[in-house]
Structures are given as structure tokens and as C-alpha cells.
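Residue numbers (numbering that gives the first Met the number 0), protein chains in the order written: chain P, 0 to 415; chain E, 0 to 322; chain V, 0 to 294. These notes are about the structure you will find just below.
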Amino acid sequence: MHRKGWWVVAALMLALGLTLVTGPTMAADEFKIGVITSLSGDLATGGSVTKRGYDLWAKAVNAQGGIEIKGKKYPVRLIYGDDQSQPAQAASAAERLAAQEKVDAILGPYASGTTLAAAPVLEKYKIPMITGSAESPLIWKQKFRYTFGTIPPVNFTGSAAIKVLAALPQGPKTAVIYGTNDTFSKATAEAFQSTAEQVGIKVLRFNILPPKQDMTPLMSAAKVLNPDLIAFGGHDEELINLVKVLTQINFTPKALIMHYGVTEPAFAQALGKNANEVLGASVWTGSLPTKGTLGWPTAKAYADAAVAEYPKDPADYTQAASSAAGLVFQAALSQLAVAPPLDEAARTKLVEVLEKIDLQTFYGHVKFATEGDYYHSNAGLTPLMVQITGGKEAVVAPADSAQAKLVYPMTPWDKR
Amino acid sequence: MRGLPAWLWILLVIAGVGLVPVVMTDAFFLRLFTEALMWIGLAITWDLMAGYVGYLNFGHGVSFGVGAYATALLIVNAGWPFEPAAALGGVAAGLVALISGWPTLRLRGAYFAIGTWALNRAVMQLALVLDITGGADGMRLPAFLRPQFFSWVMLGVVGATFLVLWLLLEQAPFGLKLKAIREDESGSLAIGLNPAKLKLQAYVLSAVPAGIIGGVYAYWITFIDPASTLGDLVTDQAVVMAIFGGLGTLIGPVIGALLLFAFKTYFWAYLSDYQVLYLIILGLAIAATVFFLPDGFWGTVTRRREGRRALQKGMALAHFPEK
Amino acid sequence: MLILLPQAIVDGILLGGIYLTVAMGFSLAYGVLHVIDFAVGEWIMLGAFVGLTFTNWFHLDPLLSLPVVFVIFAAVGWMLQPLLQRVLSGSRGRPVLMALVFTFGLALAFRGSALTVFGIFTHSLNTALSQGSWHVNWGSFFLTIPLIRLAGLVYALAVIVVLNYLLKKTDFGLAVRAVAQHKEAAGLMGVDIKRTSAAVYGLYVGISAMTGVFIGAIVSLNASMGPDLSLFAFFVVVLAGMGYLSGVPWASFLLGLIQSFFLIYLNPSYVLLALFTILYGILLISPTGMFRKGV
């Protein structure tokens, strides 16, 4: 009786295998660039940002006809692999893009965990990957030869903002710092904390919280301590919740700094006027006086192009870094001057080209470190401090990039 | 053909499946092959508790996660080689099941389900706050990327699990005893069974293979963190796969796992732009299966065949009445 | 830090109030219909989004959308219940498990639909009460009570009072309690089981949807918020004892107070670990809920 079951099982396995294994494609008129990012799952909000960045670049480079190699232009085709916000799927996507689709290069994931799972697979296939997003310092400590990042690690960006605050005439002297227990948010909070201690701000409370924890009791306790600064590392939902708690208990610190997520339109939309004067850290905004030798000539040109394509989602630094990752590949592939499809030797050579790349883009200067703790990440950027002004992000430090004056201390919630 | 004992049949099938990685060496295919086997293993071990004993273990992911972390810790911190580390991962999962099972199995029905869910969440929080597990950053294992190796290892583990469960559940009285508990636990006492001991045995038996599978997973993916190994996803998928296939049999969850895995992978590979649609379709498919086919695909097929056979027998008797 | 004690207690009770809103409808559904609705979080989420849509269309305060949300979702629940009933009364399989998985499927479908229609971002419902709070300052004694959280608690208690009245003092309530106790006997006594069951389910869905509006106002809302809410609904109800409606407020406040005290006086990193361990421990000691009155 169970024998029939086995035939069903066998048939299913065979069908599964055959439908999903496609033969190798022989087209050599284009560069196939794989993209691994979170198109679904918990991190989809971030993944969609990287997707926009990568798509914008592909569109722009194809509008010119593609990447020029020895007089012939090769358009770029992006092939997506959804990591579903899980490491196992990231590894699977990497394997599929490498073994099945035989891509020439990969644009990398939004999150650090997924990057850590995909990287070893790409080391095996020797396919270079540049990620426009993953910010955990842990990635660079692993010293993956084939993985690069256009974004500096979060401890680099976060610390600068605290230093700016400390330097203000009536700057904060005390702080309460919290972070959510995930790779990125934890690193952010720890960066805030260590810098604060460095510059002489007394950290009254520091803790790492479970994700999506209700912070009312914590903020009630903070209100009693009356810190000048509240710093928080978390994701979009948690940032919104924190501001709501603070407005509900009517406690306005002199400064409230959070990191990624304040620049999302959803933040200002959800909070209205309470989003204003919140501080964030960044490495790029559309108003930076950068000049690009490849692709978009200025930051503003990119910001305008981005808004034209995605009216509801103005470009933030992750999107810019993602597009910049594409530009880096563009420059490197041109320099390599090998027509697609790239074989293993060509790809290995591509890594060498990437290590020597020194590119000025609308996003800023891209030069990958080749040793040390920030191996293969782009530590050459200037960290910026942004403040939400009139519902939009504005650079307030350093002075030569400032678009608006830093508002400090914050206007109390009930006086807005 | 008919003369072959069932266990030999199973061995032959496993051996046959084992030839697949020899023939199809494409790395991506093998990755899918390995993952499909993993889900089969998780689905059948979950079905042991749910289908045979009648206890819904929403903490099945604990065994998987404990196995994964134990293996990772042994490989990374103690320098153990993979095979013994994974084996010990299974032992660790079994120990956790033994210790937690003794009090937890006193709970019934919904209380057991939610109690095991609470345990799962507690263990995940533990992994998040401990330093040794790396907390939210997870753990990285040394990369040993050989697709064939993992295909065979996973096949070996899951195949052996299936065989052992088959022997214990379908051949030996153990399966019948468990089903007796499922049908009427207090009544089973009356016929001389010891439900507490049997339940615990089943609970540990479902935990050990899941733990080994977790250990293999860790070495295979090279990166583990609390969300991916101790989150709800592992248990949820195993539950849905077992239900799709049909509870209370061993082949049912195998078929359910393959169907769901195929569907999921197809969507992911070719329709990733419509991933949200996947959720909707999956949800409706699950609801529809429960509604129209409460025995799962395989369960309905077997029932129909049983029904037909009973009908045939009845009609045969009607033609040749006893004299 | 004794100075924070009153605030810790108040914050804990208000947090418990949120749990109460999430769990009370669910407890009713289980107590009467014996159905574990895995989609309770999704009902709450959908209610929040309908509230958001209503607010955006008519530019009215979100709290004014409450009656509309209730009516819409009560109707949806009423229509859906017969399907659920068919699953529950199946002769094959295990009805409890089947209903669980059925509602789990529904939850996935709802979540996917919400993601498709409303997207992945987080929203907030802003009401007139959103920023107000009561401050008590008496020497060194102080208390801050956010109005919107207090409103949530008031809403929860009001619903409990209304439900209590409904169940104990009306004919409908009598029918409901009869169905809860013994369905077949109730049917024999002349109770229309189908309509009563559908009404109870509709009531539960309507209440849960209204809860969504409050959660959107107190915290925030997004399409993926369902599972965490379902988790707390289950835990509260199991802690109270399944089907024991009167135990739900106590269990809710207990969970809220444990969290609040942990966050203020102990190490916040371990708060959820402690919570789940305590829940697990209480279940082991008292398998039918903390009052031992569960079914």
C-alpha cells in the first residue's frame, strides 16, 4: 500500500529537480549581475531601498548602452535573488546566482547576517560582491577576499555624531542609551556608548533590549534621571514607537539621536511635527557638494533622478551607496577590459582591480581599505549628522556640508 | 517485489536517492536537494508527536536550534570535527527534550502547544542574551562548501530517521501504543500502558534527529543566529508540511514537505517579485487543505483506497454470501 | 529607586491594559467556541488599517472610527464563522489542531494581503489624546499617565463590563453560556447554535478590530505586527486559564507588571527571557491556568 507513496515521492523529487535546474546560458552580450537582498521578510523595508539603488544604476548605465569593453557596449542585466531576510536563503540565492545563472558579479544584501551567510559561498565561486548596505563591523573582521562594501561600518558613522554634540557650547553632559538586540542596532548603540564615554558624556543607562520592546517604563525611569541626550539604535518601527512614548510621557531631552530609519519618509509621516529636530547619522544626503566622475555628476543630480523614478521614496544614504556600488563595478569592469561572461581568472583579477579603485562619485569618495578592521569597506567617507527639519532630512554637521542650522536643545513636544 | 520486507524497500529507496547526487552534480540543485531532505526530516519528527501521540509541539524548533548551536560551539570553541559535533548536537537536543519534556508533557492540548511555544521563545531569548552564542550577531562556522557531502549527510540522517521511525511506529507495538494515547490517554492507563513514559520517549525520539539536522544545518550554511534557528519559522513550516501531507503516517509528511518545498522554491526562484502573493496563496492553500482535505493529500488518498478496498470486500462478500 | 515605584506600577497596569485589549476577545472565542484562532493578531492588524484608511479618507479622529470598524469586522466574523465551524466539527483529524492550522492559513493570507495593499512601512494613528498625559506632582511623589494608554485601559475595562452584562444578564448571554458549556444540550434546549456561534465569533472579531485602532494609536501599526500580538493573546489567555474570562484582566496585568518591574529595576536585556520563563513555569505548576479554572 505504501509502495505507491514512494513513486509519488520519487516523481515529486525528480520534477522538483528538473524544473529548477536550467541549462547554462551562452549569451555573452551582456553583463549578468546578481543581486542578493531582502525582498521579503522582516527586513524588506531595507531591502527595497537597496533594490531601488541597484535598479537606478542599472537603468542609468543601460541608458548609455552599457559598459564599454574594447569599443563594444555591454548592457547590464540584474538578476535578483531574494534572501527573504534569512541567512539560509541568502546562501541559497548566492549558490543559485553563481551556479545556475553564472553571474559575473554580485550586488550585495541589506543586512549583515545575510551577507555573512552569502559571502563564503561567493568565496568558493570566486565572484566579487559589493554591498551597498550591510554595516556591521563583524563582516569586515572576517576578511572575505571577494566581499566589499561601499558603506563604512556603523561604529564609524555613529561615533562622529556624538562627537559633534559633545563639542557644542551647551552640549549634553549626560545620556541614556539603548539599542535593540540585532546586529546592526546593537553595533549602533555600542558605538554611541563608547564614543560618549570617550568625549566625557556620562552614560547613565545603557542596555540592549529585545526587539520591539515597549519602552514606556524605561523612558519613565529616564525622565527621572533627566538625561540631556537619548540615543537609540533600532529599526523603523522601534524608532517611531520611541518617539511616541516620549511624547506620551511628555519628556523632551535636549537631543534625541537615532540612526538609520529617521530618514525614511514613513518616520516623518507617522510622527508629523514630532519627527522634527530628531537627529540621525548618515554619510550622504542629496545636498552634499560631491562631484562624480562616473555616472551622476552631483549628489543633487542623483537625488533628482531618484525622486523622478520613485516619487514617494526620496533617496537616502543606503540607496545612494547601493547605486555607488553599481558605479564601482562599472568602473572596475571597464578597467578590467574583459568581455562577459567573466571566467574565474577574470573575476579574480576583478578583485585586484577593486582593491586599487579610487573613485569620486556623487556618493563621495570610494576607496576600499585593504587591511585592518575595516578590510574591504569604504572608510574614506565623511560622516554626517542629519536632523529632521520640516519633515525632511537636512545635514547639520560638519559645517562645510551643513544645509541647516542644528537645533539644540529640542523644542518640548507640547510647545510645537 | 511483494516479498521484500518494508525495511529493505526503504533502504533501497534511500540508496536510490543517494545516487542522485552522483548523477546531478549542479551545486544549486544539490542545495535544494539537501534543503528538501532537511524539511522532510523536520516534518516527520514533528508528525511523531502530533500525528501519533496527538501532542502539538510548537517548540520543535528548540531541538533544531539547540542542535545547531551545540554543534557550532563544539566546532568553533572546542575544535571538534563535524561528525561527532553534529551527533552531540542531537544528544544535546535529546537532553533538553528529556529535561523539559518531563514537566511539559503533563500539559494537555492547547496548554501543551502554547507551553512549548513559550519554551521556544525563552530559548531564543537565551541565545540572544548569552555571550557564548554570539547573541544577536550569531556564530560563524568554518566554511566547508561541498554540496555532495552535505547531500549525503542529510540523506543519511533523514533516511536513518525515517527507517528508525518506520520500524518503531509501523512495525513495532510502539506506534500502536502511541496511537492509543492519542485516542484516549486516560483509557490507555486502563489497558496497562504508561503514557507518561511513552510520551517522553516519543518526545525525545522526535528531538534527537531534529537536533542532528540542526547541527548539519549549522555546518552547511556556515552562519547561524537566534532568529534563523530558534525562530518560529522552523516549527511553522514543519507543521504546515506535515498537515499538507497528512498526520499519523510517515509518508504523508514526506509528500507534504516536498510539495510545500517545491511550491516555495518555485515561487522564490521565478516569482520573487510577487513574494507577497506567495504568502496569500500559501495561506489560502493551507486553509483550503484543512477545509477540504483534513487528512492531508496523502491521508485522503490512503483513506480513499482503504474505503475502496473495504467497499470491494463488502461487494465480494455480497456476491458470495456465507452459506 | 523607590521613587519610581508608583510609576512602575502604573506603567505595568497600562501595559497590561494593552494585553487585555488583545486577549479579551480571544478568550471569549475560545471559551465559547473552543477555537484557538491563530489569526487574532491579524484581525487586530486589519482593524488598525481600516481605522487608518477611515482616518485618511474622512480626516476624522481615529477613535471615531471605532464603531465603523466594529460593525465591519463583526459582520466579517459572522460570515466567516460557519466555515470555521465546519473545520471544527470535522469527523476526521483532530478538530482543535485543524482549526488552529485553518486560522493559521487565514493569518498568512491576511498578512500577505495587507502587505500587498498597505505596503511594508509602519504607520501611526494620531488622535487628540495621543500627546496628552496626566501629571501628578506632589512633593517628591510624581506620576505621569499618558492619556491614550489610559484610554486603552478604559476601553478594555468597558468591553469587559459590557461582555459581562451581555453574558450574565441577557437571553443572548444565556444562550452563549449554554453553548459554551454543552453545545448539544443547548441545542436540545432550543438554542440556535449556529446563530449564537456566529454572533460570538463576530463579536470577537469586532472587538479585536477595535483593539487594532487603539494599538495603532498607542504604539504603531504595520502589516507584519500580527504574530507578536497573537503570541501575547495566547499567553495571557493560557495564563488566565482558557475559557475563564474573569481571569484575563489579572493575567494581563501580571504580565504587564512583570515587564514594567523588570525594565525599571532589573536588567532590561533579560525581560522577555524572564517573561517567557515565568509563563512556562506557571503553566507547569498550574497546568490549567493560574486560577486553575481553565478548560
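By construction, the Cβ of each residue, glycine as well, lies at the ideal position given by its N, Cα and C atoms. The model shown is predicted, which means the values in this text are computed figures rather than measured ones.
Inset, instruction - Answer yes or no: does any C-beta atom of chain P fall closer than 8 Å to that of residue 84 of chain V? - result: False, the Cβ-Cβ gap to chain P never drops below 8 Å.
Legend entry - Interface residues of chain P facing residue 306 of chain E [CB-CB closer than 8 Å]: Here the premise fails: no neighbours, minimum Cβ distance about 13 Å.
Inset, instruction - Compute the Euclidean distance between the alpha carbons of residue 110 of chain E and residue 225 of chain V, then round it to the nearest angstrom. - result: Answer to the nearest angstrom: the Cα atoms are 21 Å apart.
Inset, instruction - With a 10 Å radius around its C-beta and 16 neighbouring C-beta atoms as the bar for buried, classify residue 57 of chain V as buried or exposed. - result: When all chains shown are included, residue 57 of chain V counts as exposed.
Inset, instruction - Using a Cβ-Cβ cut-off of less than 7 Å, give me the residues of the segment 203-225 of chain V that come near chain E, in sequence order. - result: Correct list: empty, as no residue qualifies.
Legend entry - Neighbourhood of residue 187 of chain E by C-beta distance below 6 Å, restricted to the same chain and skipping five residues each side: Excluding positions up to five away in sequence, the list reads 179, 180 and 194.
Legend entry - Any chain V beta carbon closer than 8 Å to residue 118 of chain E: Contact of residue 118 of chain E with chain V is assigned, a C-beta pair being separated by under 8 Å.
Inset, instruction - May I have the straight-line CA-CA distance separating residue 23 of chain P from residue 91 of chain P, to the nearest angstrom? - result: Residue placement at residue 23 of chain P is flagged as unreliable, the pLDDT there being 48, under the threshold of 50; a coordinate-derived value is accordingly withheld.
Legend entry - Cβ-based contacts, 7 Å cut-off: residues of the segment 236-269 of chain V near chain E: Within the segment 236-269 of chain V, the qualifying residues are 237, 241, 268 and 269.
Legend entry - Sub-8 Å separation of residue 394 of chain P and residue 322 of chain P beta-carbons: No, Cβ-Cβ distance for residue 394 of chain P and residue 322 of chain P is not below 8 Å.
Inset, instruction - Could you pull the start and end residues of the alpha helix (DSSP H) that residue 183 of chain P belongs to? - result: Where residue 183 of chain P is concerned, the enclosing alpha helix (DSSP H) stretches over 182-197.
Inset, instruction - Answer yes or no: does any C-beta atom of chain V fall closer than 8 Å to that of residue 121 of chain E? - result: Output row for residue 121 of chain E: interface = yes.
Inset, instruction - Would you grab the beta carbon distance between residue 256 of chain E and residue 39 of chain E for me? Rounded to a whole angstrom, and I think it's under 8 Å. - result: Going by Cβ atoms, the distance from residue 256 of chain E to residue 39 of chain E rounds to 4 Å, so yes, they are a contact pair.
Inset, instruction - Taking residue 89 of chain V and residue 20 of chain E to be in contact with their CB atoms under 8 Å, please state how far apart those CB atoms are, rounded to whole angstroms. - result: The beta-carbon separation of residue 89 of chain V and residue 20 of chain E, rounded to 41 Å, does not stay under the 8 Å limit for a contact.
Inset, instruction - Excluding the 5 residues preceding and the 5 following residue 241 of chain P in the sequence, name in chain order all residues of the same chain whose CB lies nearer than 6 Å to its CB. - result: So the qualifying residues of the chain are 214 and 231.
Inset, instruction - Have a look at residue 223 of chain V and residue 234 of chain V and give me their C-alpha separation to the nearest angstrom. - result: So the two alpha carbons sit approximately 19 Å from each other.
Inset, instruction - Taking all protein chains shown into account, decide if residue 129 of chain E is buried (16 or more other Cβ within 10 angstroms of its Cβ) or exposed. - result: So residue 129 of chain E ends up on the exposed side.
Legend entry - Buried versus exposed, by CB contacts within 10 Å (16 or more), residue 291 of chain E: By the neighbour-count rule (16 or more Cβ atoms within 10 Å), residue 291 of chain E is not buried but exposed.
Inset, instruction - Taking only beta carbons into account, state which residues of the segment 4-32 of chain V come closer than 9 Å to chain P, listed in chain order. - result: Going along the segment 4-32 of chain V in chain order, one finds 6, 7, 9, 10, 11, 13, 14 and 17 with a Cβ nearer than 9 Å to chain P.
Legend entry - residue 76 of chain V to residue 204 of chain V span [Cα, whole Å]: Looking at the two C-alpha atoms, the distance is approximately 6 Å.
Inset, instruction - May I ask you to report which of helix, strand or coil DSSP gives residue 36 of chain P? - result: Looking at residue 36 of chain P - three-state DSSP - the assignment turns out to be strand.
Inset, instruction - For the alpha helix (DSSP H) holding residue 328 of chain E, just list the boundary residues, first then last. - result: Because chain E spans 0 through 322 in this model, residue 328 of chain E falls outside it and cannot be assessed.
Inset, instruction - Output yes or no for whether 8 Å exceeds the beta carbon distance between residue 115 of chain V and residue 38 of chain V. - result: At the C-beta level, residue 115 of chain V and residue 38 of chain V stay beyond 8 Å of one another.
Legend entry - Between the CA atoms of residue 302 of chain E and residue 165 of chain E - distance to the nearest angstrom: CA-to-CA, the gap between residue 165 of chain E and residue 302 of chain E works out to about 19 Å.
Legend entry - Proximal chain V residues relative to residue 286 of chain E, where beta-carbon distance stays under 9 Å: For residue 286 of chain E, the chain V residues whose C-beta falls within less than 9 Å of its own C-beta are 82, 86, 100, 101, 102, 103, 104, 105, 107 and 108, listed in chain order.
Inset, instruction - With DSSP as the reference, please indicate the residues paired to residue 133 of chain V in a beta bridge. - result: Beta-bridge analysis with DSSP links residue 133 of chain V to V:144.
Legend entry - residue 390 of chain P versus P:330, P:272 and P:295, residue with shortest Cα-Cα distance: Here the closest residue by C-alpha is P:272.
Inset, instruction - Mind the definition here: the segment 304-320 of chain P touches the segment 330-345 of chain P only if three or more C-beta pairs lie below 8 Å; say whether that holds. - result: The segment 304-320 of chain P, when compared against the segment 330-345 of chain P, does not touch it at the 8 Å Cβ threshold.
Inset, instruction - Return the residue from the list P:388, P:116 and P:399 that minimises the CA-CA distance to residue 227 of chain E. - result: Among P:388, P:116 and P:399, the Cα nearest to that of residue 227 of chain E is on P:116.
Legend entry - Any chain E beta carbon closer than 8 Å to residue 189 of chain P: Not closer than 8 Å to any Cβ of chain E, the Cβ of residue 189 of chain P fails to qualify, so no.
Legend entry - DSSP-derived helix/strand/coil call for residue 369 of chain E: Outside the shown range of chain E (0 to 322) lies residue 369 of chain E, about which nothing can therefore be said.
Inset, instruction - Kindly say whether residue 25 of chain E, judged by its beta-carbon, lies nearer than 8 Å to any beta-carbon of chain P. - result: At least one beta carbon of chain P lies nearer than 8 Å to the beta carbon of residue 25 of chain E.
Inset, instruction - Taking all protein chains shown into account, decide if residue 164 of chain V is buried (16 or more other Cβ within 10 angstroms of its Cβ) or exposed. - result: The C-beta of residue 164 of chain V has fewer than 16 other C-beta atoms within 10 Å across all chains shown, which makes the residue exposed.
Inset, instruction - Please compile the residues from chain E whose C-beta is within a distance smaller than 7 Å of the C-beta of residue 143 of chain V. - result: The contact set of residue 143 of chain V on chain E, defined by CB atoms closer than 7 Å, is empty, because the minimum CB distance reaches about 29 Å.
Legend entry - Rounded separation between residue 167 of chain E and residue 25 of chain E - CA only: Each residue's alpha carbon lies about 36 Å from the other.
Inset, instruction - Determine whether the Cβ of residue 233 of chain V lies closer than 8 Å to any Cβ atom of chain E. - result: For residue 233 of chain V, the answer is yes, since a Cβ of chain E falls inside 8 Å of its Cβ.
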